[in-house]
Amino acid sequence: MRDLFCRGVFILLLMIFSLEASPISDAKKHYNKEIRKGAKHLPTGVSGGSLPHHSPRSSDTATTFIDVRDYGADPSGLTDSTDAVLKAVADLLSSENKSDRKMASNIVDMGGITLDLAGGVYLMSEPLVIPTYVGNIHFIDGTLRASSDFRSDWHLVHIGNTTCTPDGQNSCNEFISFTDMMFDSNFNSAGGAIVQHVMGTTFTACFWTGFTGTALQIDGGHEVMVEFSWFAECYWSDSKTCIDRADDSIAVQINGNDHYLHNVIIFDWVKKGVEVNGEANVLSGVHTWNGGGIGIEVNAGSTRIVGCYLDYNYLLIKKADKLLVTDSFFLITNTKIMTGGDMRETLFKHNIYSWMGQADGVKSVEIVDDGDYSGIQNVRFEDEIGEGVLSTTVTDTIVFNNTDKQDYMEVDFTGKMVFSTAKHVQHSTVYGAGCENLWVTNPMPLLKEGPIVRFPFDSGWIDGVDCEISITVTVTN
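Here you go:
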């Protein structure tokens, strides 16, 4: 028994020794060391002592990771951190970190250098500016908040400029990313970021709030990507102070081509969710519930709206050459189309309109008629579901017995089609007994006063002949 006890003690000691020497234990020790080291960054009043002053890194050595707290930035957000943050950015972009590698258009590859906000809130009175011709730079994990001294027409972050045009792509920055960040304009700055003439800037898991102008403004460039992000001028619980704000806030304004919004939420109380002023942009999984008004406004062609959710905010289309709207959901709202803009080769397909009994005569697709239909051609609505959903391709069959002896017949599509005009008409005719000498010519264009197709009789109506004509007519925009 005693030997068995000794053997058990020996095995237990061996196990403890092995655990202490294991990689897991080493990792735990390293983690605890880092936690203790991080305590020096805590602000006054938090366990770990007061915030000390830390000198920046030596200027003769390059680095790949910069912590703004090492420059004296206050992560509590109680004091202005502008000078410290801008000094950290200056070191980030310093010549020691620049390499001989070049990206597109002679943009300097910074090697993935990262500015870490370390989960802090930093009060800013000036923008964080990223100059032209640098790329492969990253910003992570924290909040930039505009102070009361911040100019109301500035953004918290400014990347590039519109005068930079090195080549046909007109992009002077490449691969600059912002991840897990909040841009709090604090009702002091116009917005969170303005991005001008860049290629491949990305915003991932970011939150934007307190903006009075445009939260994110994209000017020119290509492939700016915004994903898994939220935009809110105000929080939904602040409706009493925010719902009547007299501003023209926009969550995202796209003034360029080939940009992407993916899985983006826009809520209270932004006046306009997304404004698209450039071509070939993609909106997928965008959910707008910004308290009524415009969810998405389209002012340029080749826009693709896929799998979006307009929640009490309508889709406004002013110009839509080669527009695609598909697999989207409209809750107690609709699509409004301005007839004055060009709308050619456009497809609406597999969209659902749910009015929850509140339609009250409102059409799911509403035409805002400014008297000009000349720009509307080859627009199709296919497999749309909802109350009051109309189509752009309509078929009707009527039986005509001319008791008034007219020399024409008409088919009226009023209230049956999306647009009150059409570009194409097809028909088939069946003549009853006694109508052998009558036939219908090619149909005339729809009359301007309404969606009416007129079919004249070549021979006129013969007196004393009583017959019926059955005609099936299909009209298409």
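Okay, so the sequence shown: first residue is 282 according to this note's numbering, each after it adds one. All C-beta atoms, glycine included, are put in the ideal place defined by N, C-alpha and C.
**Study point:** Cβ separation of residue 671 and residue 630, assumed to be a contact under 8 angstroms, to the nearest whole Å
**Key:** Rounded, the Cβ-Cβ distance is 15 angstroms, inconsistent with contact.
Review point. Does the beta-carbon of residue 478 have 16 or more other beta-carbons within 10 angstroms, so that it is buried, or is it exposed?
Key: Around the beta carbon of residue 478, 16 or more other beta carbons sit within 10 angstroms, so the residue counts as buried.
Exercise for review: Leaving out five residues on either side along the sequence, give the residues of the same chain with a beta carbon under 7 angstroms from the beta carbon of residue 365.
Suggested key: The residues 349, 352, 353 and 354, in chain order, have a CB closer than 7 angstroms to that of residue 365 in the same chain once the five nearest residues on each side in sequence are set aside.
Point to revise | Alpha-carbon to alpha-carbon, residue 374 and residue 415 | key: Spanning the two alpha carbons is a distance of roughly 8 angstroms.
Review point. Any idea what DSSP makes of residue 697, helix, strand or coil?
Key: Secondary structure of residue 697 (DSSP, three-state): coil.
Review point. From 748, 691, 665 and 583, pick the residue whose C-alpha is nearest to that of residue 713; which is it?
Key: Closest by alpha carbon: 748.
Point to revise | Cβ neighbours of residue 601 in the same chain (closer than 6 angstroms, five flanking residues each side left out) | key: Contacts found: 579, 624 and 627.
Review point. Comparing the CB of residue 602 with every heavy atom of the ligand FMN, is any distance shorter than 7 angstroms?
Key: The model on display carries no ligand, and the ligand FMN is accordingly not part of it.
Exercise for review: Pull up the CB-CB distance for residue 447 and residue 544, whole angstroms please, since I reckon it's below 8 angstroms.
Suggested key: Contact between residue 447 and residue 544 does not hold, since their C-beta atoms are separated by about 32 angstroms, which reaches or exceeds 8 angstroms.
Practice item. For residue 426, count neighbouring C-beta atoms within 10 Å of its own C-beta (all shown protein chains included) and say buried if the count is 16 or more, exposed if not. Key: The residue in question, residue 426, is buried, as its Cβ has 16 or more Cβ neighbours within 10 Å.
Practice item. Can you grab the Cα-Cα spacing for the pair residue 756 / residue 647, in whole Å? Key: When rounded, the distance between both Cα atoms is 19 angstroms.
Practice item. Grab me the residues of residue 467's own chain with a C-beta within less than 7 angstroms of its C-beta, minus the 5 sequence neighbours each way, in chain order. Key: Around residue 467, the same chain offers 426, 427 and 491 as residues with beta carbons nearer than 7 angstroms, after the five sequence neighbours per side are excluded.
Point to revise | One or two residues paired with residue 649 in a DSSP bridge | key: Beta-bridge pairing by DSSP links residue 649 to 619.
Exercise for review: Measure the Cβ-Cβ separation of residue 615 and residue 595 and say whether it is below 8 angstroms.
Suggested key: Cβ distance < 8 angstroms, so residue 615 and residue 595 count as in contact.
Check your understanding: Is it true that the CB of residue 649 sits closer than 8 angstroms to the CB of residue 620?
Key -> Yes; because the gap between Cβ atoms is below 8 angstroms, this pair is in contact.
Point to revise | Cβ shell of residue 512 (< 6 angstroms), same chain only, five flanking positions each side left out | key: Here the set comprises 489, 496, 532 and 547.
**Study point:** Same chain, Cβ closer than 6 angstroms to residue 315, five either side skipped, listed in chain order
**Key:** Unreliable positioning characterises residue 315 in this predicted model, as indicated by a pLDDT of 38, which lies under 50. A coordinate reading is not provided.
**Study point:** Residue range of the beta strand (DSSP E) that includes residue 427
**Key:** Annotation: the continuous beta strand (DSSP E) that includes residue 427 extends over 415 to 427.
**Study point:** Assigned exposure category for residue 311 - 16 Cβ within 10 Å defines buried
**Key:** Annotation note: pLDDT 39 at residue 311 (below 50); position unreliable, coordinate value reported separately. Counting the other CB atoms within 10 Å of its CB gives residue 311 a total below 16, which places it among the exposed residues.
**Study point:** Backbone CA spacing between residue 410 and residue 381 [nearest angstrom]
**Key:** Rounded to the nearest angstrom, the two C-alpha atoms are 23 angstroms apart.
**Study point:** Nearest neighbour of residue 412, chosen from 394, 370 and 424 [CA to CA]
**Key:** Answer by Cα proximity: 370.
Point to revise | Alpha-carbon to alpha-carbon, residue 359 and residue 272 | key: Within the shown structure, residues of the chain are numbered from 282 to 758, placing residue 272 beyond reach of any answer.
Review point. Under the three-state reduction of DSSP, which class applies to residue 318: helix, strand or coil?
Key: In this prediction, residue 318 scores a pLDDT of 37, lower than 50, which makes its location untrustworthy; the coordinate-derived value is nonetheless stated afterwards. In the structure shown, residue 318 adopts helical secondary structure according to DSSP, grouped into three states.
Point to revise | Environment of residue 690 [buried if 16+ CB atoms lie within 10 Å] | key: Buried, because 16 or more other Cβ atoms sit within 10 Å of the Cβ of residue 690.
Practice item. Identify whether residue 368 lies in helix, strand or coil by the three-state DSSP scheme. Key: Under the three-state reduction of DSSP output, residue 368 falls in the helix class.
Check your understanding: Which term fits residue 556, buried or exposed, when burial requires 16 or more other beta carbons within 10 angstroms of its beta carbon?
Key -> With 16 or more Cβ atoms within 10 Å of its Cβ, residue 556 is classed as buried.
Exercise for review: Would you mind sorting residue 471 into buried or exposed? The rule is 16 or more other CB atoms within 10 Å of its CB.
Suggested key: Note on residue 471: 16 or more other CB atoms within 10 angstroms of its CB, so buried under the neighbour-count rule.
Check your understanding: Out of curiosity, what's the CA-to-CA distance linking residue 550 and residue 574?
Key -> Take the alpha-carbon of residue 550 and the one of residue 574: they are about 10 angstroms apart.
Exercise for review: For residue 714, name the three-state secondary structure that DSSP assigns.
Suggested key: In this structure, residue 714 counts as coil in the three-state DSSP scheme.
Review point. Does the distance from the C-beta atom of residue 591 to that of residue 611 stay below 8 angstroms?
Key: It is a contact, given that the beta carbons lie within the stated cut-off.
Exercise for review: Answer with buried or exposed for residue 680, where buried requires no fewer than 16 other C-beta atoms within 10 angstroms of its C-beta.
Suggested key: Result: exposed.
Point to revise | Nearest-angstrom beta carbon gap, residue 666 and residue 762 [assumed within contact, 8 angstroms] | key: With the chain covering only 282 through 758, there is no way to say anything about residue 762.
Review point. For residue 349, does the three-state DSSP call read helix, strand or coil?
Key: Residue 349: helix per DSSP, three-state reduction.
Check your understanding: Between residue 607 and residue 430, what straight-line distance do the alpha-carbon atoms span, to the nearest angstrom?
Key -> A direct Cα-to-Cα measurement between residue 607 and residue 430 gives close to 45 angstroms.
Point to revise | The beta strand (DSSP E) enclosing residue 665, as first and last residue numbers | key: Premise fails: residue 665 is in no beta strand (DSSP E) and is neither H nor E.
**Study point:** Backbone secondary structure at residue 406 - three-state DSSP
**Key:** If DSSP states are grouped into helix, strand and coil, residue 406 belongs with coil.
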